[in-house]
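First comes the structure, then the notes that go with it.
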Amino acid sequence: MKIVYFSVTGQTRRFIKKLDLAAYEIEPANPFFEINEPFVLVVPTYDQEITEVVNDFLDFKSNRKNLQGVAGGGNLNFAELYVYTAKDIARDYNVPMLFAFEFSGTNEDVESFKKVVNELESKRN
């Protein structure tokens with residue numbers, strides 16, 4: 002399954018690089034590209050003004066239809082606001098919140114996330 006991600010400070014990008022999976026980055030300058038197959042979205046936690054580009058991507062062509070779930074990165078010090086961007090997207094687009102990790106994720110986070118993605122893909126087949 003494809004991975005699509007958005008990164009502001011590089012933490013999410015570092016997590017994605019550890020996965021060794023096919024991944025596409027949403028660029029603020031051009032979020033309008035289509036993913037023609039099922040994918041999981043990975044996002045950091047920021048105010049909506051910063052992450053609005055993710056909604057632009059999701060609302061482009063068939064991307065909304067192909068979104069299978071969301072994972073979020075954040076900082077546990079923010080308590081109830083931890084990974085709220087991913088939670089909001091999951092709610093707004095009616096997909097599951099699949100995984101959460103802190104900062105750029107640990108090696109255990111990487112393996113756990115890959116397992117979640119593999120299980121999701123297995124259910125689709």
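Take 2 as the starting number for the sequence shown in the numbering used here and just add one per residue.
Heads up, the beta-carbon is just placed ideally off N, CA and C, and yes, glycines get one too.
Nearest neighbour of T46 by Cα position, chosen from K66, V71, R65 and D60, turns out to be V71.
With contact defined as three or more Cβ pairs closer than 8 Å, the segment 81 to 88 and the segment 111 to 118 are not in contact. By DSSP's assignment, V43 forms a beta bridge with Y6 and A72.
Taking a C-beta distance under 9 Å as the contact criterion, F40 and I17 do not qualify as a contact pair. About 6 Å separates the CB atoms of E26 and Y6; that is less than 8 Å, so the two are in contact. R15 is positioned such that its CB atom lies closer than 9 Å to that of G106. Linking L59 to R65 through their CA atoms gives a straight-line distance of about 5 Å. Looking at the backbone, the Cα of L77 and that of K116 are separated by about 22 Å. Here the alpha carbons of P32 and T52 stand approximately 11 Å from one another. Here G73 is buried: its Cβ has 16 or more other Cβ atoms, across all protein chains shown, within 10 Å. In this structure, M2 sits away from E35, with a CB-CB distance that is not shorter than 9 Å.
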